[in-house]
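Numbering (my numbering), first residue to last: 2 to 245.
What follows is one structure encoded as structure tokens, with my remarks underneath.
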């Protein structure tokens with residue numbers, strides 16, 4: 002009698018083929034394709050990149066629905082997020098040389114905060130890297146309320162994508178709004194102001210700015226708390242510096 006096959010949409014024995022992990026592989030392929038096409042097909046780039054970002058929410062829901070959560074999936078999800086955002090910020094560094102340091106600092110903060118947070122929770126034996134018990138009300142709100150977290154994360158991606166589109170001549174002329182910014186701000190933000198008018202993509206990016214600032218604040222607090230947690234762990238072991 003042959004071995005009974007387990008349904009594909011349940012927790013079967015092949016973690017590699019869990020539905021959320023298959024989505025993760027597709028996200029990687031979509032992201033790589035997007036960056037390859039970015040210089041010549043900016044609209045396709047944004048569509049593919051944002052499709053991968055939307056899939057980030059889908060794989061988590063399917064993992065819980067089909068009981069296909071896995072360590073591979075969790076790490077694949079987080080690393081894909083970080084690499085995608087890093088690639089987008091590197092693209093903005095190339096697109097806006099005068100703002101190179103700004104985008105580089107954002108990239109470094111994103112990587113530093115998430116790596117330290119992941120490692121500190123691993124050392125503490127926590128099942129998740131999400132700091133739901135932070136002393137900061139804003140950080141607790143960020144991790145306890147998925148809608149708020151989603152707003153901040155989406156805001157970052159939207160601002161970065163719209164910043165890229167602002168560099169494209171076609172989008173600089175597409176749907177101009179009668180909005181004028183102060184001259185110093187307009188001069189510091191290339192593509193945001195055209196003859197006293199603002200392209201729609203620039204307006205969308207500016208709307209996302211509050212969520213972006215909130216996300217960077219959370220990253221800073223998360224980094225500080227994670228480093229403090231590692232120091233406490235060292236002190237409790239009585240062997241500072243031995244975790245490297």
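Beta carbons: idealized from backbone N, C-alpha and C, even for Gly.
Taking residue 171 as reference, the option from 85, 202, 69, 112 with the minimal CA-CA separation is 202. Per DSSP, the beta bridge partners of residue 178 are 199. Here residue 9 is exposed: its Cβ has fewer than 16 other Cβ atoms, across all protein chains shown, within 10 Å. Going by DSSP, residue 14 is part of no alpha helix (DSSP H) at all; its letter is neither H nor E. Minimum Cα-Cα distance from residue 179 among the listed residues 194, 221, 216 corresponds to 194. Counting C-beta pairs closer than 8 Å gives fewer than three between the segment 55 to 65 and the segment 98 to 107, which falls short of the contact rule. In the three-state reduction of the DSSP assignment, residue 126 falls in the coil class, being assigned neither a helical nor a strand state. The beta carbon of residue 35 is closer than 6 Å to those of 46, 49, 50 in its chain, skipping five residues each way along the sequence. For residue 205, same chain residues with a beta-carbon under 7 Å away, outside a window of 5 residues either side, are 159, 163 in chain order. Check the Cα spacing between residue 16 and each of 90, 220, 67: the tightest is with 67. Residue burial annotation: residue 101 is exposed, with fewer than 16 other C-beta atoms found within 10 angstroms of its C-beta.
Just measuring C-alpha positions, the residue of 27, 176, 177, 196 sitting nearest residue 183 is 196. Per DSSP, the unbroken alpha helix (DSSP H) holding residue 54 starts and ends at 43 to 66.
Annotation: the continuous alpha helix (DSSP H) that includes residue 161 extends over 147 to 166. The continuous stretches of alpha helix (DSSP H) do not include residue 39, and DSSP gives it neither H nor E.
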